Structures are given as C-alpha cells and as structure tokens.
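Just below is one structure, and these are the notes that go with it.
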Amino acid sequence: MATLPRLDTILTDAVEKAVRDLVCLKSWGDAAFVNLPLIAPDGSSITVRVKRIDGGFQVDDAGFTYRDLLRAGSDRSFAKQASLYAHRKELEVEGRMILVRVDGDDLQRAICDVGSVSWQVLEKVYSRLDEQETQIEEGLRERLQSVFGEGHLDPRQDIVGLSTNEWKVSAIVHVDGKLAVFQAVGDHANSIYRVSAAFHDIAALPDPPTLISVVKNRKALGTRLSLLAQAGHVIEEGQADEVYRRAVA
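Quick note: the sequence shown uses the numbering used here, first residue 42, plus one each step.
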C-alpha cells in the first residue's frame with residue numbers, strides 16, 4: 042500500500058509560523074485584541090476587540106475604523122458607510138464604534154464579521170478618495186501637453202528623491218532646460234501628507250526640479266494648504282494656461 046510523502050520539517054515549520062503570524066492575539070486590561078489577516082488601505086492590520094459582558098461577549102472595532110478615517114480627514118463618512126455595511130452583517134453602530142454582542146458559540150463569526158465590516162468601510166471611503174486624484178490626473182497630462190507642447194512631456198512618471206526612494210508623480214515636464222514635477226492632489230489628508238512627504242524628499246536633491254501640486258480647489262484644503270505650499274507651488278486644475286507657465290518659471 043502506497044504511503045503519502047511526508048512534508049519536510051523546514052516546510053512545515055515555515056508554514057506553521059506563517060499561519061501563526063496571520064492572526065495575532067494580545068491582551069490589554071479586560072479585553073483581548075485580535076489582529077486579523079486583513080490589510081487596511083494605510084497598510085495596517087484590521088484589529089478587533091473582544092470583551093466579556095453579561096451572558097457572553099462584545100466584539101467591536103474599538104473605534105479604530107473611525108480614527109483611521111479621522112486621520113484621512115474623512116471621519117464624516119463613517120456613520121453612513123458603517124451603518125450600511127454593519128446592517129448587512131446584522132451588526133450595530135454605536136457612536137464611533139462597530140460592534141455585536143454574542144454568546145460563545147458565535148464568537149468566531151462575530152470576530153470575522155466585525156473585522157470584515159471595518160475593512161469594507163475603510164476600503165470604500167479610501168477608494169472614493171483616490172478617485173479625486175485620478176480624476177485630476179486624467180486631465181492633467183492632456184492639459185500639460187496643450188500648455189507646453191507634447192515634446193516637453195516626459196514619458197516617465199517617477200523620480201528619485203534624496204532618500205533614494207522612487208516617487209510616482211502625475212507628470213514631468215522639461216521647459217527651457219529645467220525640470221518641473223506636477224502632482225495631482227486630493228483634498229483629503231492622506232493625499233496631502235503623501236505628496237508633502239514626496240515633495241520634501243525631492244526638494245532636498247542637490248539640483249531639485251520645480252514642484253507643483255495641482256488641486257481642484259485651494260480653499261477645500263483648509264489649513265492643510267500650507268503643507269503643500271511649503272513644498273512647492275499649488276495651483277488649481279482649472280486655472281489659466283499662464284498660471285501653469287508661471288509655476289515652472
């Protein structure tokens with residue numbers, strides 16, 4: 042009778058470690074925190090909190106979903122999106138928290154459901170935020186070709202900063218022997234902080250290019266406008282061609 046081949050110990054040990062790392066459990070005070078193998082748009086793991094209550098357990102997101110959106114400047118989207126996705130899983134939204142109360146038999150499902158809803162809310166809101174940049178960027182390259190001429194638009198859309206990190210940018214333009222970088226920016230915090238970090242790194246080069254942020258509306262950026270202004274010029278996508286020309290001068 043044929044026997045199944047045995048997996049070597051190196052393989053099994055590696056897989057067992059990887060599986061253990063997929064789900065991480067930590068205790069803090071009267072609660073247990075479970076890191077799930079779900080990655081939020083900012084690169085962090087989705088975390089669920091479990092607490093004992095009379096008759097069972099409360100499983101919630103500990104307000105992490107709301108705070109993530111708050112950092113992105115999109116906290117006003119939490120109530121609507123959280124209620125929408127929570128309803129589909131028969132969960133509740135109380136204040137700034139997604140939660141459900143269950144007995145021990147339903148604990149596994151509850152942890153999965155709360156984690157899933159937290160991820161869905163973040164994914165939905167962040168995808169809408171990214172659409173802002175995409176919409177600006179789609180028209181920007183065409184606009185730059187019109188203003189400066191097709192031959193001045195570099196086919197590359199990346200540039201290396203002083204840190205040696207390669208940054209993706211909307212467009213690179215060559216004008217009168219000078220280099221200018223244009224970047225579409227949404228009006229949410231994540232987009233602004235990301236562009237600010239990139240521009241400061243690029244500006245630190247020995248011979249930096251001119252850096253221009255392109256936004257829909259400067260006023261919509263509020264106090265965060267100064268973050269972009271510190272790193273370069275800030276223009277609106279609908280401004281006149283002459284504004285674009287002056288920005289690279």
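The beta carbon of each residue, even a glycine, is placed where N, CA and C say it ideally should be.
Note that the structure is a prediction, hence the values are computed from the model and not measured.
For residue i and residue j, what's the separation of their Cα atoms in angstroms?
i	j	result
residue 125	residue 133	10 Å
residue 274	residue 288	7 Å
residue 91	residue 264	38 Å
residue 131	residue 138	14 Å
residue 276	residue 256	6 Å
residue 261	residue 49	59 Å
residue 164	residue 156	12 Å
What does DSSP give as the partner residue(s) for residue i in the beta ladder?
i	result
residue 99	92 and 142
residue 135	138
residue 122	Beta-bridge pairing links residue 122 to no other residue.
residue 68	73
residue 220	215
Hey, residue i and residue j: beta-carbon distance below 8 Å or not?
i	j	result
residue 200	residue 243	yes
residue 113	residue 230	yes
residue 214	residue 224	no
residue 110	residue 101	no
residue 79	residue 73	no
residue 209	residue 251	no
residue 193	residue 222	no
residue 177	residue 278	yes
residue 127	residue 89	no
Check the C-beta distance from residue i over to residue j and give it rounded, since I have them as a contact under 8 Å.
i	j	result
residue 174	residue 232	6 Å
residue 162	residue 123	5 Å
residue 98	residue 148	6 Å
residue 185	residue 212	5 Å
residue 94	residue 160	Going by Cβ atoms, the distance from residue 94 to residue 160 rounds to 24 Å, so no, they are not a contact pair.
residue 269	residue 226	7 Å
TODO: Output the residue ranges of the alpha helix (DSSP H) runs that lie fully inside the segment 142 to 200 and measure 4 residues or longer, sorted by chain position.
DONE: 148 to 189
Task: Continuous beta strand (DSSP E) assignments of at least 3 residues falling wholly in the segment 249 to 281 - done: 251 to 256 and 274 to 277
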